[in-house]
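When we follow this note's numbering, the leftmost residue of the sequence shown carries the number 70, and every step to the right adds one. Every residue gets a Cβ at the ideal spot worked out from N, C-alpha and C, and that includes glycine. Everything numeric in this text was worked out from a predicted model, so none of it was measured. Inspection log for the structure reproduced underneath, given as structure tokens.
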Amino acid sequence: MATKLHNLSDYNPEKVPSGKGKKVGIVYAEWNYEITYALRDGAVKTLLANGVNEEDITLASVPGSFELIYGASQMVKSDKYDSVIAIGCVIRGDTPHFDYICEGVTAGLSKLNTKYDTPVIFGLITTNDFQQAKDRSGGIHGNKGDECAVTALHMMAQEW
Ligand code: RBF
Numbered sequence: 070m071a072t073k074l075h076n077l078s079d080y081n082p083e084k085v086p087s088g089k090g091k092k093v094g095i096v097y098a099e100w101n102y103e104i105t106y107a108l109r110d111g112a113v114k115t116l117l118a119n120g121v122n123e124e125d126i127t128l129a130s131v132p133g134s135f136e137l138i139y140g141a142s143q144m145v146k147s148d149k150y151d152s153v154i155a156i157g158c159v160i161r162g163d164t165p166h167f168d169y170i171c172e173g174v175t176a177g178l179s180k181l182n183t184k185y186d187t188p189v190i191f192g193l194i195t196t197n198d199f200q201q202a203k204d205r206s207g208g209i210h211g212n213k214g215d216e217c218a219v220t221a222l223h224m225m226a227q228e229w
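Laid out in structure tokens, this is it:
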């Protein structure tokens, strides 16, 4: 069966709320930096294109995806941001490590979303190989960083 390829980052640009005046923290992992830098840059570009001021975007790097939990937690607790985007890339290897990191990061970031008032956007891509990660960080499946930015804009615009 043929797989229909489509850009997963398609969204209606007219429905993206403006981020003017909003402050966004982006924490990104250095592991698989070729992927995470592309995701980070995609997020920044989309935030800027939708009204967020450059000086209102703060970038912080952490060594690996597991440290995204701590980095995002610190950003949230600082109360300086209207949203926090956590970006990482975990590629499946030969050991069960992949599962532990993915589960740990997912649980850690999820907890922040229920405990604190700042929305944390999940920008962890988890793939079987490097090519799948490339395809989702500015390749045939778009850029997940771009999607994270759009999600952050929606979450910040909502009156809760
Ligand atoms: N971090 C990532 O962001 N992506 C990975 O694919 C990744 N794979 C790892 C595989 C192994 C075997 C180990 C030990 C660590 C890996 N890490 C990865 C790093 C991890 O997120 C974290 O930085 C370290 O475990 C230190 O807390």
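Report the three-state DSSP secondary structure of residue i (helix, strand or coil).
{"i": "Gly88", "result": "coil"}
{"i": "Tyr185", "result": "coil"}
{"i": "Gly140", "result": "helix"}
{"i": "Tyr150", "result": "coil"}
{"i": "Val174", "result": "helix"}
{"i": "Val96", "result": "strand"}
{"i": "Thr164", "result": "coil"}
{"i": "Met70", "result": "A caution first: Met70 carries a pLDDT of 46, below 50, which makes its placement in the model unreliable, though a value can still be read off. Three-state result, Met70: coil."}
{"i": "Ile49", "result": "The structure shown does not extend to residue 49, since the chain is modelled only from 70 to 229, so the question has no answer here."}
{"i": "Val131", "result": "strand"}
Would you mind giving the Cβ-Cβ distance between residue i and residue j, rounded to the nearest angstrom? I have them listed as a contact below 8 Å.
{"i": "Ala238", "j": "Ala118", "result": "Residue 238 lies beyond the stretch modelled for the chain, which goes from 70 to 229, so this question has no answer here."}
{"i": "Ile160", "j": "Ala202", "result": "6 Å"}
{"i": "Ala221", "j": "Ile190", "result": "5 Å"}
{"i": "Leu137", "j": "Leu178", "result": "7 Å"}
Among all the DSSP beta bridges, which residues are the ones paired with residue i?
{"i": "Cys158", "result": "Ile194"}
{"i": "Thr220", "result": "The partner list for Thr220 (beta bridge, DSSP) is empty, contrary to what the question assumes."}
Examine the ligand COA and report whether any of its heavy atoms sits within less than 7 Å of the Cβ of residue i.
{"i": "Asp163", "result": "For the ligand COA, the structure offers nothing, since it holds only the ligand RBF."}
Can you tell me which residues fall inside 7 Å of the ligand RBF, judged by beta-carbon distance to its nearest heavy atom, and keep chain order? Ala98, Trp100, Asn101, Pro132, Gly133, Ser134, Phe135, Glu136, Gly157, Cys158, Val159, Ile160, Gly162, Thr164, His166, Phe167, Ile170
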